[in-house]
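Below is one structure, written out as structure tokens, with a few remarks after it.
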Amino acid sequence: MKLVVVGTGYIGLVTGACFAEMGNTAWCVDVDATKIENLKKGIIPIYEPGLESIVHENHKEGRLNFTTSLAEAMRNCNVYFIGVGTPPGEDGSADLQYVLAVAREIGQNMNGYSVVVNKSTVPVGTADKVRTAVQEELDKRGVDYEFDVVSNPEFLKEGEAVKDCMKPDRIVIGVDSERAQSVMEELYAPFNRNHQRTIFMGIRDAEMTKYTANAMLATKISFMNEVSNLCELLDVDVENVRIGIGSDTRIGYSFIYPGCGYGGSCFPKDVKALLGMARGVKYDSKVLQAVEDRNDLQRQILFKKVVKRFGADLSGRTIAVWGLAFKPGTDDLREATSKVLIGALIEAGAKVQGYDPVAMENVSKEWPEEWFSKGSLTLADHQYAALENADAMVLVTEWKPFRIPDLEAMKRVMKQQVIFDGRNQYDPVAVKAAGFEYEGIGRK
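According to the numbering used here, the sequence shown is numbered sequentially starting from 1.
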């Protein structure tokens, strides 16, 4: 099959590359000419394990193409995926301007029956707006092509996006016509060879499914963070509680790790958007609001622990931060807890030395330039270099290289042996036995 994917971010590039990997011909379209030229040269704009190799191979074989012209890409295709950003507006609701701009351009260039697929995370009712935008452009042209709008939300985890796309848990597709369902069945047939993964439902149902999935995961995280804070006050080790409840198959172990809050491009944005949808129908969503409120507070918890140990004035203190990306396996800094922590440390007078295995280039580009120019934030070239003369190390992102650190090497370079473990990665008994002060999240 031949298809177009508009947008070359996490959603669009991974989607286009994986469809090409299955033998289809995919055109990836983006308005950023530099990004498109780089992709043609094999330069990938994001860090995602496994993505670079399938992009290179499929581009070389002619199955994956890149262009800035949607009209050019549409000439021989009739399936168009919209995979552009939906950033939160001032009120937290999803901004659909890019989605609808693509829909209008599709209407301006459509030349026969087409299936327009919303791959971006969009609020309930967006398919109706996309349908209207396309139809208005067809009316302006005086043509009467049939088309269907489909909702096909992505469920890709950053750091595992290629695996999730090639071997999905489920493929959710919202349709309202048998013709569109037939097209989508054919497109996804290679992904269902082992067993049927596709779930067809109504379009609005599919739109809601995406938001509900992310909100549920965010709820588990915030709930466990709430419990961890209560454990600290009750002299309880939350790690034992986590193991105890996780053994219940109704609960499971996924997403019940206490920590310093969730971030990224999905959970914060999608919880806000769902709250925005609730407000739009005058519904007071108390649980979702509590999820967001707890996460906002949890993102400040590491700074509060540092202040409790060293005092509110951190002038003259050097704090090492391990892990800057919002999670392991990605260079994405959106809504990263590390930025909240480092901003607060700098405001309190501390000097920060940070290290991340893959996100350093993005940090230097995206974070406030004054942090670097004033010497408040220094990026180290190695995890142990970040510890030089540090009063404390704060673990924010649990990358694998941080899991079993050389504690003796750490003691030799740190000014004071203090560890704040924002992901409960270390054994408190072992760390304390090595001569360190240890502070986790709800740990004893």
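Glycine included, every Cβ here is placed at the ideal spot set by N, Cα and C.
Query: Contacts around D148, its chain only, beta-carbon distance under 6 Å, and the 5 residues preceding and following it disregarded; Result: V115, S177 and A180
Query: S93 versus L275, Y253 and G42, residue with shortest Cα-Cα distance; Result: L275
Query: Counterpart residues of K2 in DSSP-defined beta bridges; Result: T25
Query: Per-residue DSSP class, three states only, for E232; Result: helix
Query: Selected residue, minimal CA-CA separation from R309, among A409, V418 and R299; Result: V418
Query: Which listed residue (V307, R299 and T212) has its alpha carbon closest to that of K272; Result: T212
Query: C-beta atoms of R317 and D421 nearer than 8 Å; Result: no
Query: Where Q416 falls: helix, strand or coil (DSSP); Result: coil
Query: Among M1, G16 and Y10, nearest to N24 - alpha-carbon criterion; Result: M1
Query: Cβ shell of Y438 (< 6 Å), same chain only, five flanking positions each side left out; Result: I419, P428, V431 and K432
Query: Which residues DSSP lists as bridging L115, in chain order; Result: Per the sequence shown, the amino acid found at residue 115 is Val instead of Leu. Per DSSP, V79 and D148.
Query: Presumed contact (8 Å Cβ cut-off) between V4 and Y98, rounded CB distance; Result: Not a contact, Cβ separation roughly 15 Å.
Query: Inter-residue spacing [alpha-carbon to alpha-carbon] between Y145 and Q108; Result: 11 Å
Query: Contact check, V150 vs G174, beta carbons under 8 Å; Result: yes
Query: Residue closest to S338, alpha-carbon to alpha-carbon, out of T330, D293, C260 and E408; Result: C260
Query: C-alpha distance - K435 paired with I251, whole-angstrom precision; Result: In the sequence on display, residue 435 carries Gly and not Lys. In a straight line, the C-alpha of G435 is about 37 Å away from that of I251.
Query: Closest residue to D331 among K351, V358 and A350 (Cα-Cα distance); Result: V358
Query: Residues that F223 bridges to, as DSSP identifies them; Result: Answer is none; F223 lacks a bridge partner.
Query: Range of the contiguous alpha helix (DSSP H) that encloses V429; Result: P428 to A433
Query: Cβ-based burial, S247 [other Cβ within 10 Å; buried from 16]; Result: exposed
Query: Inter-residue spacing [alpha-carbon to alpha-carbon] between Y426 and I404; Result: 8 Å
Query: R170 versus K41 - alpha carbon distance; Result: 33 Å
Query: Length-filtered (4 minimum) alpha helix (DSSP H) runs lying within the region 143-217; Result: 161-166 and 178-188
Query: Secondary structure of F74, DSSP reduced to three states; Result: First, the amino acid is wrong: residue 74 is Met here, not Phe. Reduced to three states, the DSSP call for M74 is helix.
Query: Counted within 10 angstroms of its Cβ, other Cβ atoms place T249 as buried (16 or more) or exposed; Result: exposed
Query: Own chain, CB closer than 6 Å to A278, minus 5 neighbours either side, in chain order; Result: S285
Query: C-alpha distance - Q135 paired with D356, whole-angstrom precision; Result: 47 Å
Query: Given G62 as reference, the closest of A127, N240 and I54 once Cα atoms are compared; Result: I54
Query: Chain-order list of residues whose beta-carbon lies under 6 Å from that of Y257 (same chain, five-residue window excluded); Result: none
Query: Length-filtered (4 minimum) alpha helix (DSSP H) runs lying within the region 290-356; Result: 301-310 and 337-347
Query: With 16 other Cβ atoms within 10 Å as the buried cut-off, status of R242; Result: buried
Query: V396 - DSSP class collapsed to helix/strand/coil; Result: coil
Query: Residue range of the beta strand (DSSP E) that includes N424; Result: N424 -> no beta strand (DSSP E), and no H or E assigned at all.
Query: According to DSSP, residues forming a beta bridge with E37; Result: The partner list for E37 (beta bridge, DSSP) is empty, contrary to what the question assumes.
Query: Sufficient close CB pairs (3 or more, under 8 Å) joining the region 124-133 to the region 156-169; Result: no
Query: Cβ-Cβ distance between V238 and R443 below 8 Å; Result: yes
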